[in-house]
Every structure is written in structure tokens, then in C-alpha cells.
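Taking it in order: structure first as C-alpha cells, then the write-up.
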Amino acid sequence: MKLKCVIFDMDGTVVDVTYDWGQIRAELDTQGKSILFYLNSLEEPDKSKKWKVLERYERQATEKARLKPGMGRFLDLLNKKGIKKALVTNNSQKNVSFLLEKFNLEFDCVIARESGLWKPSGAPFQAVLKELGLKKEECCVVGDSHFDVRAAEEAGIPNVFILNEDKERFASMPAEVFSSAEALQKRIENLLEKEK
Ligand SMILES: [Mg+2]
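If you're matching positions, the sequence shown starts at -18 in my numbering and goes up one per residue.
Take a look at the structure:
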């Protein structure tokens, strides 16, 4: 099956950002739950108050975000090969728009958290397949975290590529791990070569 679309995660994948999730979880007191699900389970006024805390951290991190080294070239390659690009993030549409404009990036489909479809559920990836009219086997997921792997697994997308320097963290997961965008690009180029 030909590769027709790469579904990207945003934070830590397309852009390098610094989040101290341990500190954020502690400040929100998420009790071991995933942050978004925890926040949504709260009652007012706690709910709004804690959402604001998360949004403050996200805004600060987004303002300091940098395009991941080699990512611009990788995205250009996909453009040249006619491969579609989708962006799926648990971050807000506002922060997505800020980063796309700042780094002059374009995606064929963007799913942000206002969709209500959040990783690690496979639902946002399924929404991409539906919107672009693609089969699972025609897509691959590029992310940086366990959430990306779990969401791809749930959506049934077989090819998962992770950009992360800590390969050990993904040792038991169905994903290939790369330490740089350049290394990932080589892998994709190989994959495209084999399609010929
Ligand atoms: Mg990420």
C-alpha cells in the first residue's frame, strides 16, 4: 500500500517545546488521570480555574517553541512527493494557529483539542482518515510520546514513527524510534523507494 499521508503530533514533534508535565500535574492535582480528562471531569468554579492554569503553561511553552531541527526539510520532502500532512494535537487551536503562522507551515487537516477528540483515544486519527478519505494503511503517525503510539494503535494505523532520544521508553511499544528528524526522513525515503 502506498503512503499517502503523514499524521503529525505537534508539541515535541513538529516543534520543540519544554513542558514540565510533572509540575503541571502536581499544580493541577490530577490524581494520576490524563490532564484533559481530569479537567473536564471537574465542577465549576474549579474547572475554569484549573483550565486557566493549563492554558497559562501552554501559552508560555508555545511562545518559546522552536521548529524541530530538520523538520522543515522533512515537510518539504512530503510536499514534493505529493504526500498529505495532517496535524493532530491535544493543544488548543489558538496555539496551533500561532505556531503555523510563526513557522509558515501548512497542513491538509488539523485536529486540535476543541474537536473534543483527544489522544490517547484513536478518535482524532480516525477523524483525519475520514476527512481526507484515506485508509489506515495509507497513513503513518509521527509523534514523540506514548499517547501517539496508543492512539495509533487504537485507530489501527500500523506505521508509527516516534521522534525521541529515549528509545528505552518505547521498547515494549509497536513503534520505530528515531533520535532526529533527519533519521526519520531517511526511513520514509526508503519506504517510498520500496513502493516503486
Ligand atoms: Mg507530543
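Ideal Cβ positions, reconstructed from N, Cα and C, are used throughout, including at glycine.
Shorter than 7 Å, the distance from the beta carbon of residue i to the closest heavy atom of ligand 1, or not?
i	result
Thr(-1)	no
Kindly indicate which residue of the options has the alpha-carbon position closest to the one of residue i.
i	options	result
Asp125	Gly114, Val141, Gly63 and Glu135	Val141
Gly103	Phe84, Ile138, Asp89 and Ala164	Ile138
Pro155	Ala162, Pro26, Leu110 and Val123	Val123
Val178	Leu98, Ser78, Leu144 and Arg168	This structure does not reach residue 178, given that the chain is present from -18 up to 177, and the question cannot be answered.
Asn85	Met52, Phe106 and Pro101	Met52
Asn135	Glu149, Asp147 and Trp99	The identity of residue 135 in the sequence shown is Glu, whereas the question assumes Asn. Selected option, being the one with the closest Cα: Trp99.
Leu165	Leu58, Glu24, Asp27 and Thr11	Leu58
Leu35	Leu68, Lys65, Asp1 and Pro50	Asp1
Ala162	Val109, Leu81 and Leu56	Leu56
Lys179	Glu8, Pro50 and Ser153	There is no way to answer for residue 179, as the model of the chain reaches only from -18 to 177.
Val109	Val77, Asp89 and Glu170	Asp89
Phe79	Leu48, Lys28, Lys66 and Ala67	Leu48
Lys66	Leu113, Glu24 and Pro26	Leu113
With 8 Å set as the bound, which would you pick, yes or no: does the beta-carbon of residue i sit closer than that to a beta-carbon of chain B?
i	result
Leu110	Considering every chain present, this structure includes no chain B. It has just one protein chain.
Should the region 65 to 81 be regarded as contacting the region -12 to -3, the criterion being three or more beta carbon pairs within less than 8 Å? yes
Using 8 Å as the Cβ pair cut-off and three pairs as the minimum, do the region -5 to 3 and the region 32 to 46 touch? yes
Contact the region 80 to 99 vs the region 114 to 127: 3+ CB pairs below 8 Å: no
Please write down, chain order preserved, every residue whose beta carbon lies under 6 Å from a heavy atom of ligand 1. Asp(-10), Asp(-8), Gly(-7), Thr(-6), Gly124, Asp125 and Ser126
When you compare the region 129 to 138 with the region 18 to 33, are there three or more beta-carbon pairs, one atom per stretch, that lie closer than 8 Å? no
Threshold first: 3 residues or longer. Then list the beta strand (DSSP E) segments lying entirely within the region 32 to 99, N to C. 65 to 69 and 90 to 92
Every unbroken beta strand (DSSP E) within the region 107 to 136, with a cutoff of 3 residues, ordered by chain: 120 to 124
Which residue spans inside the region 135 to 168 form an unbroken beta strand (DSSP E) run of at least 3? 140 to 144 and 157 to 159
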